[in-house]
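Visitor: Count the sequence shown with our numbering and you get residues 838 to 1310, in order. Using N, Cα and C, we set each Cβ at its ideal position, and we do this for glycine too. Could you have a look at this structure, given as structure tokens, before my questions?
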Amino acid sequence: MSIIPVVMAGGSGTRLWPLSRQLYPKQFLPLLGDRTMLQETCARMEGMDCEPPLLICGEDHRFTVAEQLRLAGQAGGKILLEPEGRNTAPAVALAACYALDNSLEGDDPVLLVLAADHAIGDAVSFRRSVAAAITFARQGKLVTFGIVPDSPETGYGYIKCGAQFAGGPALEVAEFVEKPSMKVAESYLAQGGYLWNSGMFLFRADRYLEELANHRPDILAVCREAMAKAQEDEDFVRPNKALFLNCPEDSIDYAVMEKTPSAVVVPMDCGWSDVGSWSALWDVSDKDEQGNTLKGDVMALDTHNSYVQADRKLIATLGLRDMVVVESDDALMVADKSRVQEVKAIVASLREQRRSEADVHRKVFRPWGFYDSIENGPRFQVKRIVVKPGGRLSLQMHHHRAEHWIVVSGTALVTKGKEKFLLSENESTFIPIGETHRLENPGAIPLEMIEVQSGSYLGEDDIVRFEDIYDRQ
838 MSIIPVVMAG GSGTRLWPLS RQLYPKQFLP LLGDRTMLQE TCARMEGMDC EPPLLICGED
898 HRFTVAEQLR LAGQAGGKIL LEPEGRNTAP AVALAACYAL DNSLEGDDPV LLVLAADHAI
958 GDAVSFRRSV AAAITFARQG KLVTFGIVPD SPETGYGYIK CGAQFAGGPA LEVAEFVEKP
1018 SMKVAESYLA QGGYLWNSGM FLFRADRYLE ELANHRPDIL AVCREAMAKA QEDEDFVRPN
1078 KALFLNCPED SIDYAVMEKT PSAVVVPMDC GWSDVGSWSA LWDVSDKDEQ GNTLKGDVMA
1138 LDTHNSYVQA DRKLIATLGL RDMVVVESDD ALMVADKSRV QEVKAIVASL REQRRSEADV
1198 HRKVFRPWGF YDSIENGPRF QVKRIVVKPG GRLSLQMHHH RAEHWIVVSG TALVTKGKEK
1258 FLLSENESTF IPIGETHRLE NPGAIPLEMI EVQSGSYLGE DDIVRFEDIY DRQ
């Protein structure tokens, strides 16, 4: 009976702005080490008897997921693309349908459902808890993992535990409890018998679909229809969009776990955090003797119990207590650590003002590489463009801007109108308004170039694509 890790890699992570953005959320960031949170989640299964992971994300993030897995040497799994977010119950239903349709005859795949943006300090303990839960999952139980609490946390839901099952650590689920007040959370911690609800699960794919049929048949029907007409190319699995958009929205907890009599909880004590805020990240980060987490070029004088992160500039602090200071490529945030749950209000205000800082960084990743907006002003913009070996931009044209390309390093293969030619280091070309063009990297090293745009409108939506190997519109 195979175990298939199902890693949910969607979400916007607005509470960790300005580092986390809509198009590059926290699961793609190296918040606690050299590897990103997605890479850490996949690496956590090393040493377990697992199949390659099945990752779930949206269309906007598909190439970022694929590239991060490739860079970490963790390729081999499939990436299931949600046509639109409908919460966790439909997402896992899609994964369960795919696992059953692609399992060996007679095999009952077990799904280990994980979030890509959780931190776990003790991977050995994590694997030990999963191993202890496998027996119950194989017997048809729907296992959720409850985190042993070490503080009266108000930001998590709780699970009230019932009697322990014979032959293992699993407990009956007496009740799922919503996020409590501080007074109630303190009482939970004092009396014991309560665990944090981690949002991690282990169950057989067929049992999850059976319980979904019992409690939310409307979700199951849509997901089965969408997967029956799914398309698959290379690493990507695309459920039918037109059908899936009819799917109701619901979480696993509400749709199944709170209703099924087969739910059990296995305690897990592994240094878990959902890293849902800057204060939560400070909690699980390394600190100096003054209780500070300092990253980047930081000079902290008489500063205590604070989180300070510099990206491009020196940050000097003096006399701070319990503060969060984060500098990204295009924004600086300063907040009281006790109010970081309100950071999402900043993002909401940015969106109301239609500011790009809400959703994208100055450095924007694309399937062919990335670009970094170095400078902009009235009628001009300067970008640093890096195209990975074999990368190929779409064949396109612009109605409102012209472009000057200067190669810094590597070799560029340029299509301009009916011409096709190579550019080497220190060579350049000009793309007039309305000219059909394409940029490619035929070499074995990254192509780096400077692009100077000029014109009446420089927005990214001024692109007419004629051909695109990445199937973008």
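(1) Return the CA-CA distance between H898 and E1240, expressed in angstroms with no decimal places.
(2) Based on Cα-Cα distance, which residue from R1203, I1183, P1204 lies nearest to A1195?
(3) What residue from Y1045, L1082, K1016 has the CA that sits closest to L1062's CA?
(4) Give the C-beta separation of C1107 and G983 to the nearest angstrom, bearing in mind that I take them to be a contact with Cβ-Cβ under 8 Å.
(5) Please tell me whether L937 and D1043 are closer than 8 Å, where the distance is taken between their beta carbons.
(6) When we look at the beta-carbon of S1110 and count the other beta-carbons within 10 Å, is it buried (16 or more) or exposed?
(7) Tell me which same chain residues have a C-beta within less than 7 Å of the C-beta of C1060, skipping the five on either side of it?
(8) Around the C-beta of H955, are 16 or more other C-beta atoms found within 10 angstroms, so that it is buried, or is it exposed?
(9) Name the DSSP bridge partner or partners of W1242?
(10) Measuring alpha carbon to alpha carbon, tell me which of A1079, M1094, Q1127 ends up nearest H1052.
(11) With the cut-off set at 8 Å, would you say V1112 and L949 are in Cβ contact?
(12) With DSSP run on the structure shown, which of helix, strand or coil describes E896?
(13) How is the alpha helix (DSSP H) around V1180 delimited, first residue to last?
(14) Looking at M1234 and T1273, is the spacing between their C-beta atoms short of 8 Å?
(15) So if DSSP puts H1141 in a beta bridge, which residue, or which two residues, is it bridged to?
(16) Exposed or buried, which one is V1245 when buried takes at least 16 other CB atoms within 10 Å?
(17) As a quick exercise: from F1303, D1087, V1289, pick the residue whose alpha carbon is nearest that of Q1218.
(18) Any idea if Q876 is buried or exposed, counting beta-carbon neighbours within 10 angstroms, 16 or more meaning buried?
(19) Which class does A1067 belong to by DSSP, given the choice of helix, strand or coil?
(20) Please classify H1052: does DSSP put it in a helix, a strand, or coil?
(21) Sorted by chain position, which residues of the same chain lie with C-beta nearer than 6 Å to A909's C-beta, five sequence neighbours on each side aside?
(22) Can you tell which of D1159, R872, A1011, R975 has the C-alpha that lies nearest to the C-alpha of G1128?
(23) Taking the Cβ atom as the reference point for each residue, do A1050 and L1057 lie within a distance shorter than 8 Å?
(24) Identify every residue that forms a DSSP beta bridge with Y995.
(25) Check W1205 in the structure and name its three-state DSSP category.
(26) Considering just the uninterrupted stretch of the beta strand (DSSP E) at R1275, what are its terminal residues?
(27) Please confirm whether any heavy atom of the ligand FAD lies closer than 7 Å to the CB of E1297.
(28) Between T873, P920, N924, which has its C-alpha nearest T901's C-alpha?
(29) Below 8 Å on the Cβ atoms is my contact criterion, and I expect F1013 with G994 to pass it. Report the Cβ-Cβ distance as a whole number of Å.
(30) Would the beta-carbon of P989 fall within 8 Å of that of M1019?
(31) For the 8 Å Cβ check, are there 3 or more pairs between the region 1199-1219 and the region 1244-1263?
(32) Since L948 is in the alpha helix (DSSP H), which residue starts that stretch and which ends it?
(33) Run the CB neighbour count on D1148, radius 10 Å, all protein chains shown included, and call it buried at 16 or more, exposed below.
Guide: On the basis of the supplied data:
(1) Taking the straight line from one Cα to the other gives about 27 Å.
(2) Just measuring C-alpha positions, the residue of R1203, I1183, P1204 sitting nearest A1195 is I1183.
(3) In the sequence as displayed, the identity of residue 1062 is Glu instead of Leu. Among Y1045, L1082, K1016, the Cα nearest to that of E1062 belongs to L1082.
(4) Not really, about 11 Å apart at Cβ, beyond 8 Å.
(5) For L937 and D1043, yes; Cβs fall inside 8 Å.
(6) Here S1110 is buried, its C-beta having at least 16 other C-beta atoms within 10 Å.
(7) Only P927, A930, L931, C934, C1084 meet the Cβ criterion.
(8) So H955 ends up on the buried side.
(9) Residue pairing by DSSP places W1242 opposite T1266, E1288 in a beta bridge.
(10) Cα-wise, what sits closest to H1052 is M1094.
(11) Their beta carbons are not under 8 Å apart, which means V1112 does not touch L949 by this criterion.
(12) In the three-state scheme derived from DSSP, where H, G and I count as helix and E and B as strand, E896 is classed as helix.
(13) Note, V1180: alpha helix (DSSP H), 1180-1189.
(14) Pairing T1273 with M1234 gives a Cβ-Cβ distance under 8 Å.
(15) Beta-bridge pairing links H1141 to R1158.
(16) So V1245 ends up on the exposed side.
(17) For Q1218, the closest alpha carbon among the candidates F1303, D1087, V1289 is that of V1289.
(18) With 16 or more other Cβ atoms within 10 Å, it is buried.
(19) DSSP places A1067 in coil when its eight states are reduced to three.
(20) Taken through DSSP and simplified to helix, strand or coil, H1052 comes out as helix.
(21) Taken in chain order, the residues that qualify are Q876.
(22) The shortest C-alpha separation from G1128 is found at D1159.
(23) A1050 places its beta carbon less than 8 Å from that of L1057.
(24) Looking at the DSSP assignment, Y995 forms a beta bridge with V1014, W1033.
(25) W1205 carries a coil assignment under DSSP once its states are collapsed to helix, strand and coil.
(26) In the DSSP assignment, R1275 falls within the unbroken beta strand (DSSP E) covering 1274-1277.
(27) Among the components of this structure there are no ligands whatsoever, and the ligand FAD is therefore not found.
(28) Residue T873 holds the alpha-carbon nearest to the alpha-carbon of T901 among T873, P920, N924.
(29) The Cβ separation is near 7 Å, so the contact holds.
(30) Yes.
(31) In short, these stretches do not touch, since the Cβ pair count stays below three.
(32) Per DSSP, L948 belongs to no alpha helix (DSSP H); it is in the beta strand (DSSP E), 947-952.
(33) Here D1148 is buried, its C-beta having at least 16 other C-beta atoms within 10 Å.
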